[in-house]
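Take the sequence shown: its letter number 173 is residue 173 in the UniProt record's numbering, and every next letter is one higher.
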Amino acid sequence: MIELKTPQEIQQMRPAGKFVGQILSDLKKMTKVGTNLLEIDNFVKNAIENRQGASSCYVDYAPDFGTGPFAHYICTSVNDAVLHGVPYDYNLKNGDLLSLDLAINVDGWVGDSAISFVVGDAAEEDLRLIKSTEEALAAGIDQARAGNRLGDISSAIGEVAASYGYDVNLEFGGHGVGHIMHGDPHVPNDGRAHHGYRLRPGLVIAIEPWWLSTTDEIFQDEKDGWTLRSADGSRGAHTEHTIAITDGDPIILTARD
Numbered sequence: 001m002i003e004l005k006t007p008q009e010i011q012q013m014r015p016a017g018k019f020v021g022q023i024l025s026d027l028k029k030m031t032k033v034g035t036n037l038l039e040i041d042n043f044v045k046n047a048i049e050n051r052q053g054a055s056s057c058y059v060d061y062a063p064d065f066g067t068g069p070f071a072h073y074i075c076t077s078v079n080d081a082v083l084h085g086v087p088y089d090y091n092l093k094n095g096d097l098l099s100l101d102l103a104i105n106v107d108g109w110v111g112d113s114a115i116s117f118v119v120g121d122a123a124e125e126d127l128r129l130i131k132s133t134e135e136a137l138a139a140g141i142d143q144a145r146a147g148n149r150l151g152d153i154s155s156a157i158g159e160v161a162a163s164y165g166y167d168v169n170l171e172f173g174g175h176g177v178g179h180i181m182h183g184d185p186h187v188p189n190d191g192r193a194h195h196g197y198r199l200r201p202g203l204v205i206a207i208e209p210w211w212l213s214t215t216d217e218i219f220q221d222e223k224d225g226w227t228l229r230s231a232d233g234s235r236g237a238h239t240e241h242t243i244a245i246t247d248g249d250p251i252i253l254t255a256r257d
C-alpha cells in the first residue's frame, strides 16, 4: 500500500536522512587504499550506537531476495558487486570501485542512500559509469513532482543510461520509504513516461539508479547469499537518495556535504 506523509511527518524524516547522508560523506572522506570493509561496517555500527533513537535497518533483515538475515550495518559492494554487498575481511586496493548503501531508522523514520566512488587512482570508464548514475539520479529527482507519473521518473533514469550506452536491469530499483525501509511503490530504473501511479505531495521514495558497464545480468554470490554481482565480471555503480514529493520542488532528505 502506498502511504502519503503529512508535511509534519516529512519534517520528522529529516533527521534520519541527514544522519545517513553525513555518515556516507564521512565514509567517502575516510576510505582509502588499505581500508578494510569491516572497518567501514564498524564505523557505521559505532555511529548508530552513539546516536540516540537510531537503529540499523540491515541487521537481522531477512527479505526473500537474501539468504538468511543480513548481519551487518552497511552494504559494501566492490567492483563487479553492485548491490547488497556483505562486508568481509578485505583491504581495498588502488583502483577499486566501491558502492556503499546505507539505511538507518531514527526515531521511527528511515533514511536510505547510496554512493559509489573509486579508491585511489580511478580509471576513466569507472568515473564515467559513476557519473552516469549520478546524472540519472538528478534526472529522476527532477521528475519527482506532483502531477507527474511514476513512469516519468523511471523514463528519465532510463534515458540517461541509454545515452551512455548502459543496459538497465529491472529486478531491483527504488521504493517507498517511511517507517520501513522497503515499501510501495516500486520505482524501476527504466519505464514509460506519462504512465503509472500519479505522484502526489507526501510521497516519499528512494530513487536509486544502478547498472553495470557491459551487462544487465546479475547473479547472487553463493558464498554469502546476498551480494549481487555482474554476470560477466564488469563493474557496477549505484547512487541513491531518499526524496519527498511536495507541492513544489522535491526535497532530498539524504543530501550529503
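Note that CB positions come from ideal geometry on N, CA and C, so glycine has one too. Being a predicted model, the structure only gives us computed values, none of them experimental.
- Between Arg256 and Leu27 the beta-carbon gap is near 10 Å, outside 8 Å, which marks them as no contact.
- Taking the Cα positions, Ile40 is about 22 Å away from Thr67.
- Distance from the CA of Met181 to the CA of Ala122, rounded to the nearest whole angstrom, comes to 32 Å.
- Excluding its 5 nearest sequence neighbours in each direction, Glu217 has C-beta neighbours in its own chain below 6 Å: Ala231, listed in chain order.
- For Arg128, the secondary structure class from DSSP, reduced to helix, strand or coil, is helix.
- Assigned with DSSP and collapsed to three states, Gln52 falls in coil, not helix or strand.
- In the structure shown, the three-state DSSP call for Val168 is coil.
- A distance below 8 Å separates the beta carbons of Glu135 and Val160.
- Of the residues assessed, Glu222 falls on the exposed side of the cut-off, its CB having fewer than 16 other CB atoms within 10 angstroms.
- Nearest C-alpha to Gly108 among Asn46, His179, Ser155 and Leu127: His179.
- Membership of Val187 in the beta strand (DSSP E) is indicated by the continuous run Gly183 to Val187.
- With a beta-carbon spacing of about 7 Å, Met13 and Val204 fall inside the 8 Å limit used to define contacts.
- CA-to-CA, the gap between Tyr58 and Val44 works out to about 11 Å.
- The Cβ atoms of Val20 and Ala71 lie no closer than 8 Å to each other.
- Beyond the five residues adjoining it in sequence on each side, His175 comes within less than 7 Å, by CB distance, of His182, Gly183, His186, Val187, Ile205 and Ala206 in the same chain, given in chain order.
- DSSP assignment within the segment 31-106 yields the following whole alpha helix (DSSP H) runs of 4 residues or more, N-terminal first: 37-49.
- If the five residues before and after Arg149 are omitted, its C-beta is found closer than 7 Å to the C-beta atoms of His194, His195, Gly196, Tyr197, Arg198 and Leu199, all from its own chain and listed in chain order.
- With 16 or more other Cβ atoms from the protein chains shown falling within 10 Å of its own Cβ, Asn79 counts as buried.
- Shown here, Thr246 sits in coil according to DSSP, grouped into three states, outside any helix or strand.
- Collapsing the DSSP output to three states places Val177 in coil.
- In terms of Cα proximity to Phe172, the closest of Ser163, Phe219 and Ala156 is Phe219.
- DSSP, read as helix, strand or coil, puts Leu199 in coil.
- Excluding its 5 nearest sequence neighbours in each direction, Ala62 has C-beta neighbours in its own chain below 6 Å: Pro69, listed in chain order.
- Nearest to Leu228 by C-alpha distance, out of Ile141, Cys75 and Leu38, is Cys75.
- Ala47 and Asp152 have their alpha carbons spaced roughly 36 Å apart.
- Between the C-alpha atoms of Gly85 and Asp101 there is a straight-line separation of about 9 Å.
- Beyond the five residues adjoining it in sequence on each side, Gly34 comes within less than 8 Å, by CB distance, of Asn91 and Leu92 in the same chain, given in chain order.
- Straight-line spacing of the CA atoms in Asp190 and Leu170 works out to 7 Å.
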